[in-house]
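Asker:
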Amino acid sequence: MAYVIGNDCISCGTCEGGCPVSAISAGDDKYVIDADTCISCGACAASCPVSAISEG
Numbered sequence: 062m063a064y065v066i067g068n069d070c071i072s073c074g075t076c077e078g079g080c081p082v083s084a085i086s087a088g089d090d091k092y093v094i095d096a097d098t099c100i101s102c103g104a105c106a107a108s109c110p111v112s113a114i115s116e117g
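Just so we're on the same page, our numbering is the position in the sequence shown counted from 1, plus 61.
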């Protein structure tokens, strides 16, 4: 199951750089994860400084 970024996202971009498959991009008000590209590795969740990313 793909990971999702919640409303606690502070748009720091740390998760985007840590994604090995480039599934994360800047959205309008927070970063978003492309569910079709996400490989559910958890690297983004581990790198998020505010724990805004969880398995969706």
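Beta carbons: idealized from backbone N, C-alpha and C, even for Gly.
#1: Below 8 Å on the Cβ atoms is my guess for S101 versus Y64; work out the distance and round it to an integer in Å.
#2: Is A107 helix, strand or coil by DSSP?
#3: Starting from the N-terminal side, write out each stretch of the beta strand (DSSP E) that is 3 residues or longer and does not extend beyond the segment 73-98.
#4: In this structure, how does DSSP classify I71 when only helix, strand and coil are distinguished?
#5: Quick check on S86 - is its C-beta less than 9 Å from some C-beta in chain C?
Answerer: If we stick to the structure as given:
#1: In the sequence shown, the residue the question calls residue 101 occupies position 40. In the sequence shown, the residue the question calls residue 64 occupies position 3. Right, the Cβ-Cβ distance comes to about 7 Å (below 8 Å), so this counts as a contact.
#2: Here residue 107 corresponds to residue number 46 of the sequence shown, with the count starting at 1. Helix, per DSSP.
#3: 85-87, 92-94
#4: Here the question's residue 71 lines up with position 10 in the sequence shown. The answer is coil: DSSP assigns I71 none of H, G, I, E or B.
#5: Annotation note: the requested chain C is absent from the structure, which comprises a single protein chain.
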